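In what follows, a structure is listed as structure tokens, so that the remarks can point back to it.
In our numbering, the protein residues as written are 199 to 414.
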């Protein structure tokens, strides 16, 4: 099995680069406080039904020449996918903190300009207005850079994930003598035999390779 096509599942699963922070100097309007009301009496908790037991995996149909995988589940549940998600979330959090600090500085300057009144002379007021404009430009530029950094990291991790996933899909396809392995989310299936789902097998092999790989 050659030429496996892997959609950009990590970009979707991990969440494409978010829009960082709000526009410079804009604050969300505060929500009005809800009127105080007496809490209604709580009914006695209903007895919870027993948790459904997971169904055992279906055996792979004998002689089948096609199979499918669920790429989002592989990305979400494999060790490789979880590690990639953690790296992107770490970068997102770092950039959010940096932008929040810049916004605090901007808000302080705006507050100083608003409350300055007659305390500031014309020269000081003009300089403060220039500083505010400069900070607004810097925040906009920082937002764009943060977006680009997260997108670049996501693309890099997507490619690394693909390079590890494709050989496993090829290996499984050759071992089972398959003609095709489909991506369930992209194939538009209306019905597929659950026994043809190789998702858990792929996750298991990915995790085995991740455990056996030497630490860098």
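A virtual CB, placed ideally from N, CA and C, is assigned to each residue, including glycine.
As the structure is a prediction and not an experimental result, all values here were calculated from the model.
CA nearest to the CA of residue i, picked from the options
{"i": "residue 353", "options": "286, 369 and 291", "result": "286"}
{"i": "residue 368", "options": "404, 281, 341 and 349", "result": "404"}
{"i": "residue 326", "options": "307, 376, 341 and 340", "result": "307"}
{"i": "residue 408", "options": "383, 282 and 288", "result": "282"}
{"i": "residue 341", "options": "328, 291, 383 and 378", "result": "291"}
{"i": "residue 357", "options": "303, 273, 263 and 346", "result": "273"}
{"i": "residue 402", "options": "382, 313 and 370", "result": "370"}
{"i": "residue 399", "options": "320, 374 and 312", "result": "374"}
{"i": "residue 382", "options": "263, 269, 262 and 406", "result": "269"}
{"i": "residue 262", "options": "406, 319 and 376", "result": "376"}
{"i": "residue 415", "options": "311, 305, 330 and 380", "result": "Lying outside 199 to 414, the shown extent of the chain, residue 415 is not represented and no answer is given."}
Residue range of the unbroken beta strand (DSSP E) whose run includes residue i
{"i": "residue 378", "result": "378–381"}
{"i": "residue 264", "result": "264–267"}
Cβ distance (whole Å) where residue i is taken to contact residue j below 8 Å
{"i": "residue 355", "j": "residue 267", "result": "Not a contact, Cβ separation roughly 19 Å."}
{"i": "residue 271", "j": "residue 347", "result": "Contact doesn't hold; Cβ gap of about 28 Å is too wide."}
{"i": "residue 293", "j": "residue 344", "result": "4 Å"}
{"i": "residue 304", "j": "residue 330", "result": "7 Å"}
Boundaries (first-last residue) of the alpha helix (DSSP H) holding residue i
{"i": "residue 405", "result": "397–410"}
{"i": "residue 258", "result": "Careful: residue 258 lies outside any alpha helix (DSSP H) and carries neither H nor E."}
{"i": "residue 371", "result": "320–374"}
{"i": "residue 306", "result": "277–314"}
(message) Quick check: the stretch 327–335 against the stretch 264–281, are at least 3 beta-carbon pairs closer than 8 Å?
(response) no
(message) Under 8 Å, with one C-beta from each stretch per pair, do the stretch 361–374 and the stretch 284–303 reach the 3-pair mark?
(response) no
(message) Counting beta carbon pairs with one atom in the stretch 256–266 and one in the stretch 387–403, are three or more of them shorter than 8 Å?
(response) yes
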